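For reference, the structure is listed below as structure tokens.
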Amino acid sequence: QKEVEQNSGPLSVPEGAIASLNCTYSDRGSQSFFWYRQYSGKSPELIMFIYSNGDKEDGRFTAQLNKASQYVSLLIRDSQPSDSATYLCAVGINSSASKIIFGSGTRLSIRP
Amino acid sequence: SAVISQKPSRDICQRGTSLTIQCQVDSQVTMMFWYRQQPGQSLTLIATANQGSEATYESGFVIDKFPISRPNLTFSTLTVSNMSPEDSSIYLCSYRAPTTDTQYFGPGTRLTVL
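For the protein sequence lines, the chains are A and P, in the order given. Position 13 of the first sequence, counted from 1, bears residue number 13 in the numbering used here, the numbering being contiguous throughout. With the second sequence counted from 1, adding 1000 to any position gets you the numbering used here.
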């Protein structure tokens, strides 16, 4: 059973601080990794994807991937109240190039 | 990314009836997917809908319950058949962008079965 694990939270972070969201996955052959943001009552919105070990930065967001440790994280710098949402980690399963498995999501709350 | 829409956005249905959800993408895409998201839960893949071939269903989902059509490269439908209250959920259509291998979601259909 391929799995993607996330801490469900809620993770409470003060405004302006760095929010750190973590995800582990079980399929060692996975090659593609995604972070989605989902506001309550809305559909998931892709915010980052990463395929190579290391860091990938896009504005206030940084995705970090460590394939040896089977670990992917998302950092949000200068957190804003509008960042309050559920963040879903998703992993492409190597055995099926088309399939993406989602974690259960981490609920992030940015307190003013 | 292409624009993806779903109809209806929500519906309330009686048990034993069926509902067909439509998904439209404004450009041609090879791979489309249907997901279910139950209240407070993450996304569960129901099936992959490929144009010109039968849909591929995930474990726990069967064609008789969730028939899928994919008549062309921009459109797909998911039918939820013989509904029960346990089918109350948000149903999401998704497509895969071929160049980046990223996946985008429609706005979802919120289904309530009484």
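Ideal placement from N, C-alpha and C gives every residue a C-beta, glycine not left out. Source: prediction; values computed, not measured.
If distances are taken between C-alpha atoms only, which option among A:28, A:42, A:39 comes closest to residue 66 of chain A?
Along the first sequence, read from residue 1 onward, the residue named residue 66 of chain A stands at position 66. For the residues A:28, A:42, A:39, the minimum Cα distance to residue 66 of chain A belongs to A:28.
Taking the C-alpha atoms as reference points, what is the distance between residue 1003 of chain P and residue 1081 of chain P?
Along the second sequence, read from residue 1 onward, the residue named residue 1003 of chain P stands at position 3. Along the second sequence, read from residue 1 onward, the residue named residue 1081 of chain P stands at position 81. Approximately 27 Å, taken between the alpha carbons.
Mind pulling the chain A residues with CB within less than 8 Å of residue 1106 of chain P?
Position 106 of the second sequence holds residue 1106 of chain P. Those are 43, listed as they occur along chain A.
Using a Cβ-Cβ cutoff of less than 6 Å, which residues in the same chain neighbour residue 23 of chain A once the five nearest sequence positions on both sides are dropped?
Numbered from its first residue, the first sequence carries residue 23 of chain A at position 23. Same-chain partners within the cutoff: 6, 72, 89, 103.
Give me the Cβ distance between residue 21 of chain A and residue 109 of chain A, rounded to the nearest whole Å; I'm assuming they're in contact under 8 Å.
As a working mapping, residue 21 of chain A is identified with position 21 in the first sequence. As a working mapping, residue 109 of chain A is identified with position 109 in the first sequence. Rounded, the Cβ-Cβ distance is 12 Å, inconsistent with contact.
Counting pairs of beta carbons, one from the segment 1017-1032 of chain P and one from the segment 1075-1092 of chain P, are three or more of them closer than 8 Å?
With a cut-off of 8 Å, the segment 1075-1092 of chain P and the segment 1017-1032 of chain P count as touching, because enough Cβ pairs lie within range.
At least one CB of chain A closer than 8 Å to the CB of residue 1101 of chain P: is that the case?
The residue you call residue 1101 of chain P lines up with position 101 of the second sequence. Residue 1101 of chain P counts as touching chain A.
Which one or two residues does DSSP pair with residue 1026 of chain P in a beta bridge?
Counting from one through the second sequence, the residue named residue 1026 of chain P turns up at place 26. Note: residue 1026 of chain P sits in no beta bridge, so no partner.
Is the Cβ of residue 1042 of chain P closer than 8 Å to any Cβ of chain A?
As a working note, residue 1042 of chain P is residue 42 in the second sequence. Yes, its Cβ sits closer than 8 Å to a Cβ of chain A.
Have a look at A:3, A:16, A:69 and flag the residue whose alpha-carbon is nearest the alpha-carbon of residue 83 of chain A.
As a first step, residue 83 of chain A is located in the first sequence; it is residue number 83 there, counting from the start. Of the listed residues, the one whose Cα sits closest to residue 83 of chain A is A:16.
Just confirm the distance between the C-beta atoms of residue 1104 of chain P and residue 75 of chain A, as a whole number of angstroms; I'd bet it's less than 8 Å.
Along the second sequence, one-based indexing puts residue 1104 of chain P at 104. Along the first sequence, one-based indexing puts residue 75 of chain A at 75. At roughly 23 Å, the Cβ-Cβ gap does not stay under 8 Å, so residue 1104 of chain P and residue 75 of chain A are not in contact.
For residue 1047 of chain P, which residues of its own chain have a beta-carbon under 7 Å away from its beta-carbon, when the five flanking residues on both sides are left out?
Residue numbering aside, residue 1047 of chain P sits at position 47 when the second sequence is read from its first letter. If we look at residue 1047 of chain P and ignore the five residues flanking it on each side, its Cβ neighbours are 1034, 1055, 1056, 1057, 1058, 1061, 1066, 1068.
Using a Cβ-Cβ cut-off of 8 Å, state whether residue 105 of chain A counts as contacting chain P.
By one-based count along the first sequence, residue 105 of chain A stands at place 105. Interface residue, yes.
Can you give the Cα-Cα distance for residue 26 of chain A and residue 100 of chain A, rounded to whole angstroms?
Within the first sequence, residue 26 of chain A is the residue found at index 26, counting from 1. Within the first sequence, residue 100 of chain A is the residue found at index 100, counting from 1. If you take the alpha carbons of residue 26 of chain A and residue 100 of chain A, they lie about 13 Å apart.
Looking at the unbroken beta strand (DSSP E) that takes in residue 85 of chain A, where does it start and where does it end?
Translated into the one-based positions of the first sequence, residue 85 of chain A becomes position 85. Start and end: 85-92.
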